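Peer 1:
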Amino acid sequence: MSFMESTRAASIDPVLAQSFRVSARCGCFMQAARSLNIKSTQLRKHLAQLETQLQCSLFNHQDNGLALSHEGLQLQAQLIALAHEHDVPVIEQPLIRLAVAESILHDILGRDLVSLLRRNASVRLDIITLDSELSLQAISADVVLWLAGPDSPLPGPNFPISEPQRLARLDYLPHIAKRYSRVAARPDSLDDLADFMLVQWLPDRQVESFRPWHAVIDQRLAGVVQLHSYELMLEMIRCSACIGLLPNYMSRFDRGLIALSGLSGLFDQPMQRQVWMAVNAESKGQAEVQMIVELIHNTFNERREWFEA
């Protein structure tokens, strides 16, 4: 690289240079914006500013992607050589550990986490699923989202945490797929359940407030399936005419499912759980941790009507 080329590349604003390098590597404005954690409109402004400064076009549009122009190839080579000369290190992103109850991750939080990753491809996130009190006690995380009884967050995480925040109350009822049950023929008594297969997610066996449902399952001599996979349980309810215990919000998550509200009076107590969140006392001040906390609050606030009785 000549002295003039080195001087030219070195004079470019570091933000503009980074926008160009990532766009050249990705060959896609949208993916480059994700990697940089900025909006694609902001990225395009950076590149337009750089092209104005250099008085040349750096990219050619080809089919559905981008290709570097002759000047773009030259600038890329200059910036690569300059980076090697200065041995520019890769900035390490902090690892954020999120532990979350499996059903909450699948039904409520998963879509917003996907949206977060679509916007920010450089984040380092370790997602730990919780399916029991034992798993909750065994983990260490920065943010924890768990299910507990209706009156207390205990048992909670086994490491120092901030004051637990109650995010929502979940009421549970048996659910069935609409296509397998006409309105007039939906079961509204325990005797009616005899005509249907029942399915139970085994981690729910540990939940004290679900005892009325456990009693129905335990009385069965036939027509019952118990399994460890939450997703498979949902699929069996959707596609196999099974009846299973699910939170009341499920008919909003999946319009094809409906709660058998006529059965609610047959159980001797409401089947409820609370969603709790806490933050690791040591990492609660980190900006990345607060980003996850804010995302969780926004998710539950946007779905507030899911949890209202």
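Under our numbering, residues 677 to 985 are what the sequence shown spells out, in order.
For each residue, glycine too, the CB sits at the ideal point set by N, CA and C.
Bear in mind that the values here come from a model prediction, so they are computed numbers and not experimental data.
(1) What's the call for residue 787, buried or exposed, on a 16-neighbour Cβ count within 10 Å?
(2) By Cβ distance below 7 Å, which residues in the same chain neighbour residue 796 in space, the five residues on each side in sequence not counted?
(3) Can you name the start and end residues of the beta strand (DSSP E) that residue 901 belongs to?
(4) Once you ignore the five residues that flank residue 678 on each side, which residues in its own chain have a CB closer than 7 Å to its CB?
(5) Given that a residue counts as buried once 16 or more other Cβ atoms are within 10 Å of its Cβ, and exposed if not, what is residue 876?
(6) CB residue 950 to CB residue 832, shorter than 8 Å?
(7) Taking C-alpha atoms, which residue in 956, 970, 973 lies nearest to residue 817?
(8) For residue 789 and residue 853, what's the separation of their Cα atoms in angstroms?
(9) Residue 851: which of 689, 784, 932, 814 sits nearest, CA to CA?
(10) Would residue 921 pass as a contact of residue 886 if the rule is Cβ separation under 8 Å?
(11) Keeping to the same chain, check which residues put their C-beta closer than 7 Å to that of residue 722; ignore five residues upstream and five downstream.
(12) Tell me which residue opens and which closes the beta strand (DSSP E) that residue 913 is part of.
(13) Buried or exposed: where does residue 918 fall if 16 or more other Cβ atoms within 10 Å of its Cβ makes it buried?
(14) From residue 894 to residue 909, what does the alpha carbon distance come to, in whole angstroms?
(15) Please list, in chain order, all residues of the same chain as residue 769 whose beta carbon is under 6 Å from its beta carbon, the five residues on each side excluded.
(16) Is it true that the CB of residue 734 sits closer than 8 Å to the CB of residue 745?
(17) Below 6 Å CB to CB, which residues in the same chain sit around residue 959 once its five sequence neighbours on both sides are set aside?
(18) Give me the DSSP bridge partner(s) of residue 824.
(19) Determine, using beta carbons only, whether residue 968 and residue 784 come nearer to each other than 8 Å.
(20) If we call anything under 8 Å between Cβ atoms a contact, is residue 806 one with residue 777?
(21) Going along the chain, which unbroken runs of the beta strand (DSSP E) with 3 or more residues stay wholly within the stretch 780 to 825?
(22) Where do the N-terminal and C-terminal ends of the alpha helix (DSSP H) with residue 957 fall, by residue?
(23) Report the three-state DSSP secondary structure of residue 718 (helix, strand or coil).
(24) Apart from the five residues just before and just after residue 858, which ones in its own chain have a Cβ nearer than 7 Å to its Cβ?
(25) So what's residue 918 in DSSP terms, helix, strand or just coil?
(26) Between 976, 899, 869, 689, which lies nearest to residue 727 when the distance is taken from Cα to Cα?
(27) Leaving out five residues on either side along the sequence, give the residues of the same chain with a beta carbon under 6 Å from the beta carbon of residue 742.
(28) Taking only the alpha-carbon atoms, compute the straight-line gap between residue 946 and residue 970 and give it to the nearest angstrom.
(29) Which of the three DSSP states is assigned to residue 836 in this structure?
Peer 2: Answer, in terms of the structure:
(1) exposed
(2) 710, 713
(3) 900 to 903
(4) Low per-residue confidence applies at residue 678: pLDDT is 42, beneath 50, and the placement is therefore not dependable enough to give any value.
(5) buried
(6) no
(7) 956
(8) 27 Å
(9) 932
(10) yes
(11) 691, 692, 695
(12) Element bounds for residue 913: not the beta strand (DSSP E) but the alpha helix (DSSP H), 906 to 915.
(13) buried
(14) 18 Å
(15) 798, 800
(16) yes
(17) 818, 965
(18) 950
(19) no
(20) yes
(21) 800 to 806, 819 to 824
(22) Unbroken run through residue 957: none, as it is neither H nor E.
(23) helix
(24) none
(25) strand
(26) 689
(27) 703, 735
(28) 31 Å
(29) coil
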